[in-house]
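Accompanying notes for the structure given below.
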Ligand SMILES: [Fe+2]
Ligand SMILES: [Fe+2]
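Numbering (our numbering), first residue to last: 777 to 1257.
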């Protein structure tokens, strides 16, 4: 057996043992909460049976997660983090549901907490699966604890948990589209109210008592609102503890109060304005190809942050006609320019920025040459030039975000220097940029498809004319008056 296989078996055994301990603790705590008493240990057979059952459910989720984490969509989060976020949420979900069930009623189980929190932090479909496992665990723990043989007790628990699970699925659809914290809260409140008739309908399966049906409907709404309240309170904690970059956290990152952006604005205003324009283009491209627009915007904002170390070496920040490159040999000029990618990467790493943003900073020029100086030296030395000395260190883009920034960066700088004359010229230029990067092999490892590139081209061609619309000449307007 290979060393790698042995390690994998050891790791899985370790995880399973840990999971079993977690299941025993969850069952014990769940039983204590449901029965509202501490002394439950004489029920050790029940504790053992429930622990094994919940463990089997948790193990099923582990297999599901293992299978899902092989797919590309879950690559951005490490497997251990995926497991930790999901299992912590499921345990909290079970205990919260036991507490809500015991003190408010089984229709108030806040199972939507699990679908929303796992949906926001991991993926919606993982959130839905986690909700099913949590709901089933609550269904097993609670009636078995209270009175297993009495159908009148079991029915409200099972149907209450079922209603809670359906609420969770509906809420999971809420976060399929990107929401602000405010909209998420309001959306969840509307879903809570909308679930009331469903809850009433489900209650009719075991009772015709109008007051019980009404009470169950109200409890469903309360349970869902409780779920949203717990999410609002715990989400910032989750974000910090597990270092997850949710849309909410990314939105906070792209405000101009962020210290690195503030510094860029003060020290390199030209680069700052270029970065804003690249970010706008990148966000539109991200929407077009279906990746996170907040992440794309953040990558645009920070891609040239390394330029704030020596802003005067970049043309967009030069004032009064002074150009320090006039006093330097081309090799030194090139090293001053190319340094901004690695410097930016180090600055962003030190500021604990998301990996995608750090990568966009170091990868957005790939290993392409600094054309101006390369051509200048080539013309002086009649073609005897070592290409590598005039190239960025790379690597070439390894994420869709880095590739988008690479394309938007060139287009923005190109059209800022020389606005396109008409739509045809614009399309030809954007096409040329993308084709040249493709032939150079810069886009080989970024994961963009030809269809993505087509959408990116269309988006840039639509966005550039809008960003370069003609301004009113105020001086002329005053003269006319
Ligand atoms: Fe750059
Ligand atoms: Fe740039």
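Quick reminder that beta carbons are idealized off the backbone N, C-alpha and C, glycines included.
Bridge partners of residue 1145 according to DSSP: 1167. In this structure, ligand 2 has a non-hydrogen atom nearer than 7 angstroms to the beta-carbon of residue 1080. Here residue 892 is buried: its Cβ has 16 or more other Cβ atoms, across all protein chains shown, within 10 Å. Non-local C-beta neighbours of residue 993 in its own chain, meaning closer than 6 angstroms and more than five positions away in sequence, comprise 972, 975, 976, ordered along the chain.
Taking non-hydrogen atoms of ligand 2 into account, the C-beta of residue 1054 is found less than 7 angstroms away from one of them. The beta-carbon separation of residue 858 and residue 898, rounded to 6 angstroms, stays under the 8 angstroms limit for a contact. Residue side-chain check: residue 1185 places its Cβ nearer than 7 angstroms to a non-hydrogen atom of ligand 2.
Under the three-state reduction of DSSP output, residue 1068 falls in the coil class, being neither helix nor strand. Restricting attention to 804, 1041, 1072, 1238, the CA atom closest to the CA of residue 1137 is found in 1072. No Cβ-Cβ contact shorter than 8 angstroms links residue 935 with residue 910. Counted as a single uninterrupted DSSP element, the alpha helix (DSSP H) harbouring residue 1115 occupies residues 1106-1126. Secondary structure note for residue 804: its alpha helix (DSSP H) is the uninterrupted segment 779-811.
Judged by the Cβ position, residue 1101 fails to qualify as a neighbour of ligand 1 at the 7 angstroms threshold, every heavy atom of the ligand being at least this far.
When the beta-carbon positions are compared, residue 1050 and residue 1197 stay at least 8 angstroms from each other. Judged by DSSP in its simplified three-state form, residue 814 adopts coil rather than helix or strand.
Taking non-hydrogen atoms of ligand 2 into account, the C-beta of residue 1050 is found less than 7 angstroms away from one of them.
Counting along the chain, no alpha helix (DSSP H) covers residue 1194, and no H or E run does either. Contact check for residue 1110 and residue 1146: beta-carbon distance about 5 angstroms, within the 8 angstroms limit, so the pair qualifies. A residue is called buried once 16 or more other Cβ atoms fall within 10 Å of its Cβ, and residue 1028, having fewer, is exposed. Uninterrupted alpha helix (DSSP H) stretches at least 4 residues long and entirely within the segment 930-992 occur at 957-979, given in chain order. Residue 1090 sits close to residue 1047, with the two beta carbons spaced by under 8 angstroms.
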